[in-house]
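Worksheet: one structure, shown below.
In our numbering, the protein residues as written are 228 to 479.
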């Protein structure tokens, strides 16, 4: 499978345009959700993106289940959704021109992604993880999540945020998924082509980036992220930009 690199200029331009309307964005919280250190771990400082005067300011990085498998990607980014995002799918995956059209020339598209928190999609991921590991899922519960390492901290279970829907009409997505268990955020999508040698031919989509995926920790709550486990209240405003409204340590 070939992977296309999303142009840095595209991401940078989107962030600059959206951050410029920050005050208007926060004038109305259209979504609220509570996440934990699993979905918002401390971000490592990125000297390429952070101005020198801000490098000591802690930030939290949004984490989600990537759903990289091409067949799984088609479960939530089917042809109709990809076409709604602006991708042209007129060339069949088995056509000799498919690799050139989808693997080399297709440009990314900007739209909106819907994340579901700890819902049916995450439980299905856990079920498949258990099957792969040869472990039976306990009745009425989920198996232990995969874990990731952050230097100097205990291993953290993986994020329970899963992308489940996408489109270019934000309001339509909010109407379908506007409750407290979902997040609708601006994102960048790409198209992938899997050759026959890797299980194809198959065309699928992928979520490449979420605009504003790093959230600055306000000064009054910076001590809370020193706790091994914490929860974060997040609001999303009129422009689709998220910000932190509270952080508190949580019990194990």
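Beta carbons: idealized from backbone N, C-alpha and C, even for Gly.
These numbers were taken from a predicted model, which means no experiment stands behind them.
One thing to note: residue 293 has its Cβ no nearer than 8 Å to the Cβ of residue 415. Classified as buried, residue 417 has 16 or more neighbouring CB atoms from the shown chains inside 10 Å of its CB.
Three or more beta-carbon pairs separated by less than 8 Å link the stretch 398-415 to the stretch 337-355, which places the two stretches in contact.
Taking every protein chain shown into account, the CB of residue 322 has fewer than 16 other CB atoms within 10 angstroms, so this residue is exposed.
Remark: C-beta atoms of residue 311 and residue 318 do not approach each other more closely than 8 Å. Sequence-distant partners of residue 266 (beyond 5 residues in either direction) whose C-beta falls short of 6 Å from its own C-beta, in its chain, are 290, 386, 388. Secondary structure of residue 424 (DSSP, three-state): helix. The C-beta separation of residue 455 from residue 463 comes to about 27 Å, leaving the pair out of contact by the 8 Å criterion. For residue 466, the secondary structure class from DSSP, reduced to helix, strand or coil, is coil. For residue 308, the three-state secondary structure derived from DSSP is helix.
Here residue 442 really is in contact with residue 286; their C-beta atoms are around 6 Å apart, less than 8 Å. Residue 458 places its beta carbon less than 8 Å from that of residue 261.
Within its own chain, the residues whose Cβ lies closer than 7 Å to the Cβ of residue 270, once the five positions on either side in sequence are excluded, are 286, 287, 288, 441, listed in chain order.
Annotation for residue 437: no alpha helix (DSSP H) segment contains it, though the beta strand (DSSP E) segment containing it runs 429-437.
As DSSP reads the structure, residue 338 sits in a beta bridge with 414. The Cβ neighbour count for residue 426, taken over all protein chains shown within 10 Å, is under 16; the residue is labelled exposed. In the displayed model, residue 353 falls within a helix according to three-state DSSP. For residue 259 and residue 329, the gap between their C-alpha atoms comes out near 37 Å.
A direct Cα-Cα distance of roughly 21 Å separates residue 393 from residue 421. Looking only at 399, 432, 453, the smallest Cα-Cα distance to residue 313 is reached by 432.
Residue environment for residue 358: exposed (fewer than 16 other C-beta atoms within 10 angstroms of its C-beta). Nearest Cα to residue 296 within the set 316, 331, 430: 430. Secondary-structure assignment with DSSP links residue 457 through a beta bridge to 476. Assigned with DSSP and collapsed to three states, residue 406 falls in coil, not helix or strand. DSSP places residue 393 inside the beta strand (DSSP E), whose first and last residues are 388-394. Between the C-alpha atoms of residue 316 and residue 302 there is a straight-line separation of about 17 Å.
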